[in-house]
Amino acid sequence: MTEPTPQATTTDRPVITRTPRELREALTGAGRTALVPTMGALHEGHCSLMRLAREQADTVVVSIFVNPLQFGPDEDLDRYPRDLATDTEICAKEGVDVIFAPEERTMYPTEQMITVEAGSMGRRLEGASRPGHFTGVLTVVAKLFHLVRPDLAVFGAKDVQQLFLVRRMVVDLNFPVEIVSAPILRDHDGLASSSRNVYLTPEERVGALSLSRALRVGADAALDGARAVRVAARAVMDAAAEADPPVALDHLALVDPATFDDVPDDHEGEAILAVAAHVGTTRLIDNVLVTIP
């Protein structure tokens, strides 16, 4: 039994599309269109992106696709949560118009030979810890821009390096897309919202709070200069490494927002304090923008 072709009609529920043809038909006469790219497992952080998109567009498209190209061989591709039914309910509550949920063979019908490379900036921080990650991210985002043809796309500031690289790709490759940044949404205890938070045991979640605490302590030290920011934040993460369960630091860096290179001790102006760590088997990231007078 074949599925009916999606129609671009006004409805309280989003139209679910799975192929480029269905997507094009659903977006006929869509007006100003906003794209919210996701890998599903939607949470309140994603909802904040949808609300921002809803404010700025006539039609909101949410893509749900767990992109294998951005996962390394030892990462959590197989166990990444997938629940399209629940994700659809969340999208419906947020007034999303169209869901694009393609299968892997739709996005990658053959072995991907040509990709979008992130350059030297993509080999810093997250790129150093996850080689090839940003190539996978930029390649799938470029595909989504081509398929959806949005006027704007909304990305969360938690993935700050990804946000920067997507913006740079748009400029370098002349994509006619406005990139909108949504602020980091945090749970009641301060942990940055993430699909991976569901992996944490109650004890691990307590340990995970060291990331946001390190950022907060580091930002509070900004009046004393860049070195003080790094020392204060590192002290929190060093203590977390000795806790039970331990938090294994991946990187803690104070970087220039324009290059993602480490800033010198005499740096003045804005800098991004970024942290990544493993809590149990779960890898988490967070960041904060600090101003050093």
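Last residue of the sequence shown: 288 (my numbering), numbering continuous.
C-beta: ideal position from N, C-alpha, C; glycine also.
Across the set Val149, Ile94 and Thr81, the C-alpha of Ile94 shows the shortest separation from the C-alpha of Glu20. In this structure, Gly35 lies near Leu79, with their beta-carbon atoms less than 8 Å apart. Counting the other Cβ atoms within 10 Å of the Cβ of His128 gives 16 or more, which makes it buried. Close CB contacts of Val224 within its chain, under the 8 Å cut and outside five residues either way in sequence, are with Gly213, Ala214, Ala216, Ala217, Leu249, Ala266, Leu268, Val285 and Ile287 (chain order). As computed with DSSP, Phe95 is found in a beta bridge with Thr12 and Ser58. C-alpha of Arg125 to C-alpha of Gly67: approximately 7 Å in a straight line. In the three-state reduction of the DSSP assignment, His246 falls in the strand class. Note on geometry: alpha-carbon atoms of Ser189 and Gly24 lie some 34 Å from one another. Burial state of Val135 is buried, judged by a 10 Å Cβ sphere holding 16 or more other Cβ atoms. Non-local C-beta neighbours of Ser207 in its own chain, meaning closer than 8 Å and more than five positions away in sequence, comprise Arg181, Gly185, Leu186, Ala187 and Asp281, ordered along the chain. At a Cβ-Cβ threshold of 8 Å, Arg8 and Ala96 do not count as neighbours. Around the beta carbon of Thr130, 16 or more other beta carbons sit within 10 angstroms, so the residue counts as buried.
Every beta strand (DSSP E) of 3 residues or more that sits fully in the segment 127 to 215 is shown, in chain order, as 147 to 151 and 173 to 177. Annotation: Ala238 is outside any alpha helix (DSSP H) and is labelled neither H nor E by DSSP. Between Val242 and Val274, the C-beta gap is smaller than 8 Å, which places the two residues in contact.
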